[in-house]
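Undergrad:
There are 2 protein chains.
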Amino acid sequence: MADAGGTPERSTMRSVERAFEVVDFLSDSGKPVRLADVARGTGLHIATAQRMLRVLERTNYVAQDSAGYSIGAAALAAAHSYLMGNNLVLTATPVLQELAAALGLTASLSVRLGASRVLVARVEGSSPLRYQLPVGGRLPLHLGGGKVFLAYMDDVSRAAVLGDMGQFETAGGGIVKIPDFMAALNEIATRGYAVSRNERVVGAVSISAPVRRDGDLLGVVQVIGPEEKLTPELLAQATRDVVNAGVGIAARSR
Amino acid sequence: MADAGGTPERSTMRSVERAFEVVDFLSDSGKPVRLADVARGTGLHIATAQRMLRVLERTNYVAQDSAGYSIGAAALAAAHSYLMGNNLVLTATPVLQELAAALGLTASLSVRLGASRVLVARVEGSSPLRYQLPVGGRLPLHLGGGKVFLAYMDDVSRAAVLGDMGQFETAGGGIVKIPDFMAALNEIATRGYAVSRNERVVGAVSISAPVRRDGDLLGVVQVIGPEEKLTPELLAQATRDVVNAGVGIAARSR
DNA sequence: ACACAAAGTATCATACAGTGATACCGGCGG
DNA sequence: CCGCCGGTATCACTGTATGATACTTTGTGT
């Protein structure tokens with residue numbers, strides 16, 4: 001009902017938070033961005049944004065060229081550390097390899113990052129899709145395997161992610177209305193897996209299952225392949241395998 | 001009078017700088033680290049370190065599990081942005097592909113990051129070495145292709161990187177004394193390329209050349225392969241190709 | 001099982017670092 | 001030539017980051 005109205009906005013480490021807002025902003029925009037745009041995009045005073053970018057540049061998390069500011073090489077090193085050190089990624093990788101080998105499909109693991117998800121591991125299948133989404137790429141939560149994340153959220157969190165979307169369109173052109181979507185999500189949660197066709201990528205089918213431990217959703221395992229290849233039998237087999245993989249990863253990761 | 005002893009240490013955005021020190025620390029340690037270790041490792045008061053980590057966790061640049069703190073998934077997304085958006089990487093990739101195809105060797109590009117370098121692009125050759133160093137990995141500047149970075153620095157910068165090392169050992173067991181090393185670096189700078197054997201990896205030979213524009217060293221192109229494979233003819237060809245690649249990348253990247 | 005040590009968390013007064021208004025510089029386009 | 005826009009420097013004020021202290025939890029050894 002009545003939420004308090006405005007967010008209280010208690011601020012600890014404001015400058016640090018802002019620094020990462022800047023990094024996120026650069027991260028999202030992908031292209032080099034000018035100072036003024038950074039200031040606008042993050043809502044910072046231009047002088048503040050400038051000081052911030054200076055510092056970030058000194059630390060190599062941001063780089064500046066004639067076209068503007070963008071993410072710097074230090075981010076790469078950090079990501080490498082994540083990939084080499086993260087427990088979930090480490091334990092999932094062999095499982096994904098098995099999946100990809102057994103099914104001939106591309107297998108991947110993603111984790112939630114705010115209102116989207118990030119691909120953290122990926123093993124190519126025998127017929128890789130043309131579409132390339134390398135590790136680190138961000139995807140929406142309402143399409144394809146992302147639905148699994150939404151499936152295990154409560155209504156409030158779901159609403160927070162979906163915002164004021166009344167409906168949305170899939171890559172295949174289908175229109176999904178939010179009430180129907182909610183029902184679909186609940187079904188995914190009870191079934192324990194999701195199957196998606198033409199949602200994020202046209203001509204692709206994916207099967208996704210949660211990686212859960214103690215009720216926490218650590219990530220989502222997924223296999224994806226071209227529609228023609230996924231016969232009913234392969235689909236059935238893949239579904240079992242992916243669900244098992246999700247359970248297996250959760251169990252082994254510690 | 002000029003106090004030669006202490007660094008002035010003017011501080012702007014102290015908390016932000018510290019935040020990235022924390023991230024760097026986690027990045028370097030690779031393994032999950034406990035709060036107290038972070039505090040020690042970064043020299044921060046434990047309370048400060050804790051507050052910092054909280055904020056970093058909220059932004060997903062740091063993750064916490066039972067074993068301690070480590071880099072979070074947001075770093076991956078940032079790195080992805082770097083790889084997909086960075087001009088140098090983008091223009092270098094096709095060149096590296098050509099190199100790898102023409103020579104059958106693994107080709108890579110690295111950029112300097114403080115006192116080390118980071119691999120930012122890599123294309124496998126026909127006989128990939130067992131040794132795996134994926135994109136994002138950090139390497140020292142005094143071994144293999146890293147020498148090129150040192151070669152184009154002035155003595156002061158060189159000293160800053162090498163610190164108080166009087167000599168060092170290569171992977172092959174050779175001992176290199178700093179004065180000799182300096183001479184070797186100068187020679188690299190005049191020749192415009194470096195050849196390394198058994199320096200970083202036993203049994204490997206690498207050829208490295210600078211990517212320079214307007215006197216700035218943007219990065220280093222490199223090919224590497226097993227010693228047996230690198231006949232004198234291939235070596236000569238590779239040297240020409242790598243040097244050209246360096247020039248080509250610099251020219252095309254804008 | 002207990003006690004002690006170590007790690008982690010909360011609280012708080014102080015000073016200093018971060019902030020944004022303002023003003024200054026330089027290049028581009030009209 | 002002038003005006004506009006993006007970027008940079010300066011500076012006084014105040015809010016926020018800081019670290020000492022004290023408290024709670026976790027884990028280790030006997």
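Chains A and B are the protein sequences, given in the same order. Take the first sequence: its position 16, counted from the start at 1, is 16 in the working numbering, and no numbers get skipped. Take the second sequence: its position 109, counted from the start at 1, is 109 in the working numbering, and no numbers get skipped. Cβ coordinates follow ideal geometry from the N, Cα and C atoms, glycine included. Predicted model only: the values in this text are computed from it and were never measured.
1. How big is the Cα-Cα spacing for Thr231/B and Leu53/A?
2. Alpha carbons only, please: which of Arg34/A, Arg18/A, Pro179/A, Val202/A is nearest the one belonging to Ser70/A?
3. If you follow the beta strand (DSSP E) that Asp65/B is in, where does it begin and where does it stop?
4. Specify whether the region 199-211 of chain B and the region 135-149 of chain B touch according to this definition: at least 3 beta carbon pairs, one from each stretch, less than 8 Å apart.
5. Please report how far the alpha carbon of Tyr131/B lies from the alpha carbon of Gly225/B, in whole angstroms.
6. Here's the rule I'm using: 16 or more other beta-carbon atoms within 10 Å means buried, otherwise exposed. How should Ser11/A be labelled?
7. Ordered along the chain, which non-local residues of its own chain (more than five positions away) have a Cβ less than 6 Å from that of Ala151/A?
8. Could you check where the alpha helix (DSSP H) with Val22/B kicks off and where it finishes?
9. Given that a residue counts as buried once 16 or more other Cβ atoms are within 10 Å of its Cβ, and exposed if not, what is Ala75/A?
10. What did DSSP end up calling Val262/A once you bin it into helix, strand or coil?
11. Looking at C-alpha atoms only, which residue of Leu218/B, Glu57/B, Gly192/B is the closest neighbour of Asn86/B?
12. Comparing the C-beta of Val120/B with each C-beta of chain A, is any distance below 8 Å?
13. Is the separation between the beta-carbon of Ser116/A and that of Leu83/A shorter than 8 Å?
14. Compute the beta-carbon to beta-carbon distance between Ala73/B and Val111/A, rounded to the nearest angstrom, for a pair I have assumed lies under 8 Å.
15. Using alpha carbons as the reference points, say which of Gly30/A, Ala171/A, Ser126/A, Leu119/A lies closest to Leu256/A.
16. Which two residues bound the contiguous beta strand (DSSP E) that contains Leu267/A?
17. Counting only Cβ-Cβ distances shorter than 7 Å, please list the residues of the region 226-251 of chain B near chain A, keeping chain order.
18. Is there at least one Cβ from chain A nearer than 8 Å to Met260/B's Cβ?
19. Would you kindly check if the distance between the Cβ of Leu113/A and the Cβ of Asn60/B is under 8 Å?
20. Using a 10 Å radius around the Cβ and a threshold of 16 neighbouring Cβ atoms, would you call Ser66/B buried or exposed?
21. If you follow the alpha helix (DSSP H) that Asp180/B is part of, which residue opens it and which one closes it?
22. Using 10 angstroms around the beta-carbon of Ile249/B, count the other beta-carbons present and answer buried if the total reaches 16, otherwise exposed.
23. Cβ of Ala204/B within 8 Å of Cβ of Val242/B?
24. Which residues in the same chain as Leu234/B place their Cβ atom closer than 6 Å to its Cβ, once the five residues preceding and following it in sequence are excluded?
25. Enumerate in chain order the residues of its own chain whose CB-to-CB distance from Val89/A is below 8 Å, with the five nearest sequence positions on each side excluded.
26. To the nearest angstrom, report how far apart Gly68/B and Leu44/A are at their CA atoms.
27. Considering only the beta carbon of each residue, do Ile178/B and Gly166/B sit closer than 8 Å?
28. Indicate whether Leu139/A and Ala238/A have their beta-carbon atoms separated by less than 8 Å.
29. I want to verify the contact list: residues of chain B whose CB lies under 8 Å from the CB of Arg51/A, in sequence order.
30. Using only alpha-carbon positions, find the residue among Gly215/B, Glu228/B, Tyr193/B that is nearest to Tyr221/B.
31. Considering only their Cβ atoms, is the gap separating Ala49/A from Val38/A smaller than 8 Å?
32. Tell me whether Ser196/A sits in a helix, a strand or coil according to DSSP, three-state version.
33. Kindly indicate if chain B contains any beta-carbon less than 8 Å away from that of Tyr217/A.
34. Can you find the residues in the same chain that come closer than 7 Å, C-beta to C-beta, to Ala4/B, ignoring five residues on each side of it along the sequence?
35. With the cut-off set at 8 Å, would you say Ala101/B and Val223/B are in Cβ contact?
TA: According to the data block:
1. 48 Å
2. Arg34/A
3. 62-65
4. yes
5. Residue placement at Tyr131/B is poorly supported in this model, since its pLDDT is 47, which falls under 50; the coordinates still yield a value, given next. About 11 Å.
6. exposed
7. Leu185, Ile188, Ala189
8. 14-29
9. buried
10. Because chain A spans 1 through 254 in this model, residue 262/A falls outside it and cannot be assessed.
11. Leu218/B
12. yes
13. no
14. 5 Å
15. Because residue 256/A is not part of the residues shown, which for chain A are 1 to 254, the question remains open.
16. Here chain A comprises residues numbered 1 to 254, so residue 267/A is not present and cannot be evaluated.
17. none
18. No answer is possible for residue 260/B: it lies beyond the span of chain B, which begins at 1 and ends at 254.
19. yes
20. exposed
21. 178-191
22. buried
23. no
24. none
25. Tyr82, Leu83, Leu109, Val120, Ala121
26. 33 Å
27. yes
28. no
29. Thr12, Met13
30. The amino acid at residue 221/B is misidentified as Tyr; the sequence shows Val. When only C-alpha atoms are compared, the closest one is Tyr193/B.
31. yes
32. strand
33. Reading off the sequence shown, one finds Leu at residue 217/A, where the question assumed Tyr. No, Leu217/A lies away from the interface with chain B (no Cβ there is under 8 Å from its Cβ).
34. Bear in mind that a pLDDT of 37 at Ala4/B, under 50, signals an unreliable position, so the number given afterwards is only what the model happens to contain. Taken in chain order, the list of residues that qualify is empty.
35. no
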